[in-house]
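K.L.:
Here it is, the structure, as structure tokens.
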Amino acid sequence: MIIVGAGSTGGALAARLSEDPDLTVLLLEGGPVYSTADEMPQELLAPAVVAAGAPGHPNNWAYMGEVRPGLRIPYPRGKGLGGSSSINGCYYIRGLKDDFDTWVKLGNDEWAFDKVQQYYKRMERDLDFDGDAHGSDGPIPVMREPLDRAPEFTSAFDDGCHALGFGSDPDKNDPRPEGGVGPVPLNIFEGRRIGTALAYLLPATGRPNLTIVGHAVARRVLTEKSRAVGIEAIVDGRPQVFRGDEIVISAGALRSPHLLMVSGIGPAEHLREHGVDVVHDLSGVGRHMTDHPMVSAAWDSRLDLVKQPERGAMTSVLHWTDEGSDLEILPFVTKNSDMLGMTDVFARPVQAAKAMRGTSAKAVTRQARALRHAMLGIVVEKQESRGAVTLVSGDPDQLPDLRWNLLSEPQDHVRFRAAIRVAFEIFNSAGLREIGASIVGLDAKTVGDDKKLDQWAFDRVGGGHPSGTCRMGPASDDQAVVDQHLRVHGIDGLRVADTSIFPTITSRGPNATAMMVGEYLADLMKHEAAH
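Residues 23 to 553 in this note's numbering are what the sequence shown lists, from first letter to last.
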């Protein structure tokens with residue numbers, strides 16, 4: 023079995039498959055791999071450090087994407103063992119029941135909420151909650167920052183949410199959460215970010231039936247008579263072919279559709295336009311890209327936020343439903359200049375300059391330090407806008423064109439107005455006023471004017487959770503790329519497994535669900551191999 027991509031899904035999948043000594047697993051990773059945690063760069067281990075998200079970092083693919091017309095920005099994606107689970111913010115929240123109910127309605131009954139819960143639990147070791155709803159001996163530790171050890175702003179933020187009538191939500195991973203404000207579950211243990219590298223792959227590296235090849239960039243899926251038979255890759259600069267019985271593409275929601283298309287699997291007319299021989303016409307490949315659009319704003323206070331625990335950048339989060347979408351408000355801080363990676367100062371200097379009152383990277387850097395490293399994420403969890411991954415050329419080495427089209431649908435503006443106005447009210451609550459907290463660049467005049475507020479959001483919107491570009495569905499859905507066993511329609515021996523297969527995006531950050539997909543598919547493939 024060949025797996026392309028050692029990220030959140032591929033890492034979990036490879037480790038679980040290799041538990042069966044009768045299976046031989048080859049894991050190809052385009053970035054560096056490591057034999058021990060000590061070999062990993064510190065920024066991949068420290069949970070409050072997000073420097074690997076900065077452009078040019080060796081653990082970050084050099085993607086550029088157009089989030090809206092006229093604005094192209096770098097788009098961080100993890101490169102190396104653990105993929106994006108090695109560079110993210112450690113936010114670990116499961117998808118909601120409504121998410122999986124929708125997947126079932128779209129023809130994917132194997133992904134019913136009650137069924138996927140067993141896979142979430144299998145991978146978890148919850149350090150705060152026990153009982154049937156939580157896992158206790160899985161590889162991924164899940165913790166929450168105790169309020170008495172959290173940064174001082176956390177209690178003020180929570181009080182502000184309560185003052186607006188929002189309830190407490192102490193367990194964001196409860197199978198039926200009620201919404202409200204509560205601690206952020208984090209996959210952190212003993213001061214380390216625990217992604218699939220540390221949790222799954224490093225413990226499995228000694229298995230004789232698991233081979234992990236680093237700096238192996240997949241270029242094409244090789245097919246013979248509508249069957250996938252191998253992968254053409256560049257390994258340390260040299261071309262190499264790997265042949266296998268089963269191929270699983272777990273390269274992420276940006277790279278997986280690109281790999282399919284340059285291999286001749288995708289929208290036939292689009293492939294021909296770029297000189298790619300069509301192996302199988304699948305019009306949904308690369309289409310229907312969705313995200314969690316987030317408006318990022320700086321917030322100021324009199325607190326010294328740098329004197330926070332080392333565990334993570336996020337401690338408390340508010341969720342509620344309004345205007346047809348779950349909405350989220352998430353304040354976070356990071357250490358020193360590492361905050362600049364989180365706020366995309368270098369990735370989005372125009373937006374960051376507006377958010378922080380500066381006009382140059384130098385001014386933004388000064389302002390970031392003056393603001394004591396505090397940012398606010400305002401998120402629409404269910405957007406109407408859709409983007410696409412398309413070819414620039416048929417050359418596998420040419421990165422694809424990425425267009426998010428964020429805020430291209432009027433309803434998304436309506437949802438952001440509702441969310442931003444709630445955030446503004448929270449920051450005007452007594453507790454946050456007492457510590458001098460305010461959202462930079464947002465005043466009552468802007469909040470009260472729909473047109474001005476839409477522009478304020480437009481200047482600050484970005485994303486980080488792409489999904490849906492190889493979406494799952496039955497053969498009767500002409501936009502479905504894989505069936506509910508994640509097999510590519512029309513191509514035997516080929517699967518896709520990562521966030522690209524989500525029929526609709528989950529209502530919380532997708533990393534926990536991405537790992538769950540790996541657990542799910544490993545179980546399925548083991549069963550198939552045994553029968």
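Beta carbons are placed, not taken as given, at the ideal position from N, Cα and C, and that holds for glycine. All values derive from a computational prediction rather than experimental measurement.
1) Tell me the residue span of the beta strand (DSSP E) that contains Gln262.
2) Alpha carbons only, please: which of Glu291, Thr218 and Ser285 is nearest the one belonging to Ala37?
3) Quickly, what does DSSP pair Asp44 with across the bridge? List them, please.
4) Give me the residue from Gly53, Val301, Leu349 and Met494 with the minimum Cα distance to Ile513.
5) If you check the beta carbons only, do Ser323 and Ala459 fall under 8 Å apart?
6) Using 8 Å as the threshold, is the C-beta distance between Gly201 and Trp342 below it?
7) Does the separation of the CB atoms of Gly274 and Asp520 fall below 8 Å?
8) Taking 8 Å as the threshold (C-beta atoms), are His280 and Pro98 in contact?
9) Could you pull the DSSP bridge partners for Val235 from this structure?
10) So, is Gln405 buried or exposed, given that buried needs 16 or more other C-beta atoms within 10 angstroms?
11) Which of the three DSSP states, helix, strand or coil, is assigned to Arg443?
12) On the CB-based measure, 16 or more other CB atoms within 10 Å of its CB, does His310 come out buried or exposed?
13) Report all residues from its chain with a CB closer than 6 Å to the CB of Gln433; omit the five preceding and five following residues, and keep chain order.
14) Quick one: Cα of Asp44 to Cα of Pro532, how far?
15) Quickly, what does DSSP pair Met494 with across the bridge? List them, please.
16) Given Asp545, which residues of its chain have a CB within under 6 Å of its CB, disregarding the five upstream and five downstream residues?
17) Identify whether His292 lies in helix, strand or coil by the three-state DSSP scheme.
18) Rounded C-beta distance between Trp125 and Pro496? I'm assuming under 8 Å.
19) To the nearest angstrom, how far is the alpha carbon of Thr312 from that of Met23?
20) Let me know the secondary structure DSSP gives Tyr142 once reduced to three states.
21) Do Val339 and Leu349 have their C-beta atoms within less than 8 Å of each other?
22) Helix, strand or coil for Pro279? Go by DSSP, reduced to three states.
23) Between Asp471, Gly78, His314 and Glu550, which lies nearest to His487 when the distance is taken from Cα to Cα?
24) What's the gap between the Cα of Asp150 and the Cα of Tyr114?
P.N.:
To lay it out plainly:
1) Following the DSSP letters along the chain, one finds Gln262 inside the beta strand (DSSP E) bounded by residues Arg260 to Arg265.
2) Nearest option by C-alpha distance: Thr218.
3) For Asp44, DSSP records no beta bridge to any residue.
4) Of Gly53, Val301, Leu349 and Met494, the residue nearest in Cα terms is Val301.
5) The answer is yes: Cβ separation under 8 Å.
6) Result yes, Cβ atoms of Gly201 and Trp342 sit closer than 8 Å.
7) The Cβ-Cβ distance between Gly274 and Asp520 falls below 8 Å.
8) No, the Cβ-Cβ distance between Pro98 and His280 is not below 8 Å.
9) As DSSP reads the structure, Val235 sits in a beta bridge with Leu50.
10) Around the CB of Gln405, 16 or more other CB atoms lie within 10 Å, so the residue is classed as buried.
11) It is helical.
12) With 16 or more other CB atoms across the displayed protein chains lying within 10 angstroms of its CB, His310 is buried.
13) Hits under 6 Å: Glu406.
14) Note on geometry: alpha-carbon atoms of Asp44 and Pro532 lie some 32 Å from one another.
15) Met494 is bridged to Val504.
16) The beta carbon of Asp545 sits closer than 6 Å to none of the beta carbons in its chain outside the five residues before and after it.
17) Here His292 sits in helix by DSSP.
18) Rounded, the Cβ-Cβ distance is 12 Å, inconsistent with contact.
19) In this structure, the CA atom of Thr312 is about 30 Å from the CA atom of Met23.
20) Helix.
21) Their beta carbons are not under 8 Å apart, which means Val339 does not touch Leu349 by this criterion.
22) DSSP, read as helix, strand or coil, puts Pro279 in helix.
23) Nearest of Asp471, Gly78, His314 and Glu550 to His487, Cα basis: His314.
24) Answer to the nearest angstrom: the Cα atoms are 13 Å apart.
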